[in-house]
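Colleague:
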Amino acid sequence: MMKTKQIRKKDIRRILVIKMRYIGDNVLVTPLLKALKNGYPDADIDVLTNKGTHQVFSGNPFVRDILPFDYSVSKEKPWYALRFIARLRHKAYDMAIDLTNNDRTSFFTLMSDARLRIGYETRHFFRNRLSYSIRISSRLGILHMTDRHLEVAEALELPVEDRHPFIHVSPEKIREIEDILSVSDVEKETPFVVMHPGARRWYKSWPSDRFAKLADAIIREYGVTVILSGSAADQPACSAIRENMEEQAVSLAGQIPLSALPALIRKGLCLIGNDSAPIHVASAVSTPAIALFGPTEWEAWAPRREHDKVLAAEFPCRPCGHSRPDCPLGRQDYCMSAITFEQVWAAVKDTLTKAR
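According to the numbering used here, the sequence shown is numbered sequentially starting from 4.
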């Protein structure tokens, strides 16, 4: 196995970074991209990721090319994956870095034909002996995902100047979101709070009636607009919140493309949300995040800027790997329900008082 001390910076001209997970996972890759660009300033960096999550890297100054892979097409058309691999090999990468560490991504790493292929140490023979020429032994225990990614930079002996995520927000995206807001009668200078009630798993969601009570309290206390964000799948949750409110909130669920979400959150005074991608986006655009965590490892996923706040109910059985049907507390959403309105309201008041 090659040692990192044998790598000469002048030999690294093209780097492929592979992260094929979800939107929030992609956001947390950006500190490593910065470290790689600082360490190899003459290198071009490409990112291989899932189609539908790739917009996170749009406009990133450290990325040359984004390579979105479409799983749905690959299932229907086997030649799609073969053409994709041929495209990777044509780019002639000097280094490929697998941050996902599963069978598919390790195969892409091997097929990239990069001279230096970096991945995490595993018991899997194929990955260890064939896919990776440099294997990283990750630290044991709970480690923040950003720090786990940056273990690659440490192994390559690259300096790490910043551990915060980054998303570029262009003036064009700001104008796009202002146009979307104007349709809902939210003027350009109107101060607002973004509330994201959705989550990828139902048991990671705070109850809608508490979101409603919180939105009412924000409007009455601070006189600002509350905007409910989310995908089309989050429309029922946003509708439930509005139905439980006495004041009026603006729901943009299903109306904001992922590429414009960072601009919306950047314009907001703060973001309040469950353990989901928008809390990472908020951190990446330096908007205060109030993040609500249930059965998952907040220590590994929480936003970490000084102005961020993390609320989680502590139980001896947490974390439990995204909950279990046989939850010892009685029901899978118990962790989220244990976070009280008073706790969240106190965090919101502290954040908005400092923001005004």
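Cβ atoms here follow ideal geometry from the backbone N, Cα and C, with glycine treated the same way.
Bear in mind that the values here come from a model prediction, so they are computed numbers and not experimental data.
(1) Keeping to the same chain, check which residues put their C-beta closer than 7 Å to that of Ile15; ignore five residues upstream and five downstream.
(2) Suppose contacts are defined by Cβ-Cβ distances below 7 Å. Is His283 in contact with Gly27 by that definition?
(3) My assumption, with CB atoms under 8 Å, is that Ala217 sits in contact with Val50. Please give the rounded CB distance.
(4) Verify whether the separation of the beta carbon atoms of Lys22 and Phe65 is less than 7 Å.
(5) Could you check the C-alpha separation between Pro306 and Ser75 for me, to the nearest Å?
(6) Assess contact between the segment 261-268 and the segment 169-177, defined as three or more Cβ pairs (one per stretch) separated by less than 8 Å. Is contact present?
(7) Taking contact to mean at least 3 C-beta pairs separated by less than 8 Å, is the segment 224-231 in contact with the segment 246-265?
(8) Within the segment 31-109, note down every full beta strand (DSSP E) run reaching 3 residues or more, in order along the chain.
(9) Counting along the chain, where does the alpha helix (DSSP H) carrying His418 start and finish?
(10) Candidates Glu154, Ser254 and His310: which alpha carbon is nearest Leu184's?
(11) Please report the straight-line C-alpha distance between Ser262 and Cys273, rounded to a whole angstrom.
(12) Could you compute how far the alpha carbon of Lys78 sits from the alpha carbon of Arg86?
(13) What number of angstroms, rounded off, separates the C-alpha of Pro239 from the C-alpha of Gly257?
(14) First and last residue of the alpha helix (DSSP H) that includes His199?
(15) Taking DSSP as the reference, what is the three-state secondary structure of Phe318?
(16) Do you know offhand how far Ile293's Cα is from Lys13's?
(17) How would you label Trp301, buried or exposed, when you count the other beta carbons within 10 angstroms and need 16 or more for buried?
(18) Tell me Tyr135's beta-bridge partners as DSSP assigns them.
(19) Would you grab the beta carbon distance between Leu70 and His152 for me? Rounded to a whole angstrom, and I think it's under 8 Å.
(20) Quick check on Asp237: buried or exposed, where buried means 16 or more other Cβ atoms within 10 Å of its Cβ?
(21) Taking DSSP as the reference, what is the three-state secondary structure of Arg17?
(22) Among the candidates Cys241, Thr343 and Leu314, whose CA atom is the shortest distance from the CA of Gly201?
Modeller: So, to answer that:
(1) Same-chain partners within the cutoff: Tyr43, Ala46, Asp97 and Met98.
(2) Contact flag set, yes.
(3) Looking at the sequence shown, residue 217 is not Ala but Leu. Actually they are not in contact, since the Cβ atoms of Leu217 and Val50 sit about 36 Å apart, beyond 8 Å.
(4) Not closer than 7 Å, so no.
(5) Each residue's alpha carbon lies about 31 Å from the other.
(6) Contact between the segment 261-268 and the segment 169-177 is established, with three or more Cβ pairs separated by less than 8 Å.
(7) yes
(8) 47-53, 68-72 and 98-101
(9) Lying outside 4 to 359, the shown extent of the chain, residue 418 is not represented and no answer is given.
(10) Ser254
(11) 19 Å
(12) 14 Å
(13) 11 Å
(14) Run containing His199: none in the alpha helix (DSSP H); it sits in the beta strand (DSSP E), Phe195 to His199.
(15) coil
(16) 43 Å
(17) buried
(18) Paired residue(s): none; Tyr135 is not in a bridge.
(19) Their Cβ separation, rounded to whole angstroms, is 18 Å, which puts Leu70 and His152 out of contact at 8 Å.
(20) buried
(21) strand
(22) Cys241
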